[in-house]
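Structure first, then comments.
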Amino acid sequence: MFEAKLTESTTIKRVLDAIKDLIQQANFDCSADGLSLQAMDTPHVCLTTMTLRSQAFEVYRCDRPLSMGINLSSISKILKCAASKDSVKIVADDEGADCAEFIFENESADRIAHFELKLMDIDSEHLSIPEDSDYQAIISMPSAEYRRIFSDLSIIGDTITIEINKNTACFSVEGDIGNGSLNLAQTDSADEKNPVTINVKEPVKMTFPGKYLNTFTKAVPISEFVTLCLTDGNPLAIEFSLPDEAGFVRYFLAPKIDQ
Amino acid sequence: MGKQSTLTSFFRPL
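In the order they appear, the protein sequences are chains A and B. Residue numbering for the first sequence follows my numbering, beginning at 1 and increasing consecutively. Residue numbering for the second sequence follows my numbering, beginning at 1001 and increasing consecutively.
Listed below in structure tokens is the structure:
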């Protein structure tokens, strides 16, 4: 038996909004620790991972690990039927269920909606993702700042360079109509309301596709802050963490490399 | 401008 109840649907709605433009379908892996998924986009440029830890849920029960193959567009359609303050309960049989049940209940518990989502058999490989890699540079910034930088720059062109030196990050773009750049310095005071922190072991300069950096702005409502981790020649890791360590959405983006 | 790489060389199947 798998049963998981979120107090408010907002949490899962936001997480799905952050991943559904990158992944069409994925296995949601349920274990005693929580709900997680990982999937690459079709061109294998971006890997998206998501975890909702068991502590994110008001009720969480997973007797046996199970994998629910879900079409992201379909689950999003069903969750549109939940008001943001409605609770969401997901129920599935852990013995080869062919559908998962979604129950939405309003705050006064006098309106209860039931939906069944058909599950799919999805053949997906689990990839080994190195944890806590020794990154050359890590920058943390308010997620609203992230949205502004990459929505602005990706309008100019799709080749965005991130260069991080001591205490400064430079984001630049080259496009058909021209180019642009933006420098962001580490904020001086720890009391600053919207701090930018930059930790550099070695300066790093890498180029990435702007289309993806802009797509990741869909995760901004998840988290007040975002962390970008860079190592020359390796994928860029971007993390949006849910409050209270309830989980995260992480993206790994392949760099553009010199020919 | 650089060529877009893919992730297949970075993340191996478990």
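Yeah, the Cβ is synthetic: ideal placement off N, Cα and C, and Gly gets one too. Just so it is clear, the structure is predicted and the values come from calculations on it, not from any experiment.
For residue i and chain B, any beta-carbon pair shorter than 8 angstroms?
| i | result |
| --- | --- |
| residue 125 of chain A | yes |
| residue 43 of chain A | yes |
| residue 259 of chain A | yes |
| residue 65 of chain A | no |
| residue 128 of chain A | yes |
| residue 215 of chain A | no |
| residue 207 of chain A | yes |
Identify the continuous alpha helix (DSSP H) that holds residue i and give its terminal residues.
| i | result |
| --- | --- |
| residue 215 of chain A | 210-215 |
| residue 17 of chain A | 10-19 |
| residue 150 of chain A | 143-156 |
| residue 218 of chain A | Counting along the chain, residue 218 of chain A falls outside any alpha helix (DSSP H), and DSSP gives it neither H nor E. |
| residue 73 of chain A | 72-79 |
Is any non-hydrogen atom of the ligand PLP found closer than 7 angstroms to the C-beta of residue i, if you look at the structure I gave you?
| i | result |
| --- | --- |
| residue 211 of chain A | Because no ligand of any kind appears in the structure shown, any question about the ligand PLP cannot be addressed here. |
In the DSSP assignment, the beta strand (DSSP E) including residue i goes from what residue to what residue?
| i | result |
| --- | --- |
| residue 253 of chain A | 247-253 |
| residue 162 of chain A | 159-165 |
| residue 116 of chain A | 112-118 |
| residue 183 of chain A | 179-185 |
| residue 25 of chain A | 25-31 |
| residue 105 of chain A | 99-105 |
| residue 52 of chain A | 46-53 |
| residue 61 of chain A | 59-62 |
Assuming residue i and residue j are in contact, meaning their beta carbons sit under 8 angstroms apart, how far apart are those beta carbons, in whole angstroms?
| i | j | result |
| --- | --- | --- |
| residue 180 of chain A | residue 156 of chain A | 5 angstroms |
| residue 1007 of chain B | residue 40 of chain A | 6 angstroms |
| residue 109 of chain A | residue 242 of chain A | With 8 angstroms as the limit, residue 109 of chain A and residue 242 of chain A do not qualify as a contact, their Cβ atoms being about 25 angstroms apart. |
| residue 231 of chain A | residue 135 of chain A | 5 angstroms |
| residue 143 of chain A | residue 249 of chain A | Their Cβ separation, rounded to whole angstroms, is 11 angstroms, which puts residue 143 of chain A and residue 249 of chain A out of contact at 8 angstroms. |
| residue 245 of chain A | residue 1013 of chain B | About 29 angstroms separates the two Cβ atoms, so there is no contact after all. |
| residue 150 of chain A | residue 213 of chain A | 4 angstroms |
(message) Beta carbons nearer than 8 angstroms to chain B: which residues of the segment 30-54 of chain A have them?
(response) 40, 43, 44, 45, 46 and 47
(message) Please list, in chain order, the residues of the segment 155-174 of chain A that have any C-beta partner in chain B closer than 8 angstroms.
(response) 159 and 174
(request) Pull out every residue of the segment 112-123 of chain A whose Cβ sits closer than 8 angstroms to any Cβ of chain B, in chain order. (result) none
(message) At a CB distance below 7 angstroms, what residues from the segment 234-257 of chain A approach chain B? Give them in sequence order.
(response) 234, 235, 252, 254, 255, 256 and 257
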